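Just below is one structure, and these are the notes that go with it.
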Amino acid sequence: MLLGRPWGRCNPGRCACLLILALLIDAVGLVLLLVGIFASLDYWDFFVYTGALILAFSLLFWITWYSLNIELSLEKLDL
Numbered sequence: 603m604l605l606g607r608p609w610g611r612c613n614p615g616r617c618a619c620l621l622i623l624a625l626l627i628d629a630v631g632l633v634l635l636l637v638g639i640f641a642s643l644d645y646w647d648f649f650v651y652t653g654a655l656i657l658a659f660s661l662l663f664w665i666t667w668y669s670l671n672i673e674l675s676l677e678k679l680d681l
C-alpha cells in the first residue's frame, strides 16, 4: 500500500484521450528515431529528424493533459 491506496490502480485523469494520444505520438516518434539511428538506409536523416520533431510535438499533448488535470478549489481561486 502506497499512501493508503492499493497497488495496481492507475488513474489517467479526466482527459484519458489526451494521455493515450500523447503515448501513441511518443511511440511513433521513438520508433522513427530508432529506425533512423539503427537501420542502414541512405535516407536515415529523414527518420531521425522526423522522429525528433514528433517527440517534441508530443510535449504539447503532455502539457495539455497535465494542465487539464490540475484540481484547484474555488476557495483557492478567490472567486
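My numbering applies: residue 603 is where the sequence shown begins, and numbers increase by one. The C-beta atom is built at its ideal place from N, Cα and C for all residues, glycine as well. Note that the structure is a prediction, hence the values are computed from the model and not measured.
I'd like to check one pair, residue j with residue i: are the Cβ atoms closer than 8 Å?
i	j	result
residue 669	residue 627	no
residue 649	residue 631	no
Does residue i get closer than 8 Å to chain C when you measure Cβ to Cβ?
i	result
residue 630	Any reference to chain C falls outside this structure, which holds one protein chain only.
In the DSSP assignment, find the unbroken alpha helix (DSSP H) run with residue i in it and report its ends.
i	result
residue 660	646-670
residue 680	Where residue 680 is concerned, there is no enclosing alpha helix (DSSP H), given that its DSSP letter is neither H nor E.
residue 643	First-last for residue 643: undefined, no H or E at that position.
Relative to the alpha-carbon of residue i, which residue among the options has its alpha-carbon at the smallest distance?
i	options	result
residue 665	620, 652, 678	620
residue 629	646, 655, 615, 645	655
residue 618	658, 677, 641, 667	667
residue 614	680, 677, 678, 671	671
residue 636	677, 657, 623	657
Less than 8 Å between the CB atoms is what I'm expecting for residue i and residue j, so what's the real figure, rounded?
i	j	result
residue 625	residue 653	Not confirmed; about 15 Å, so no contact.
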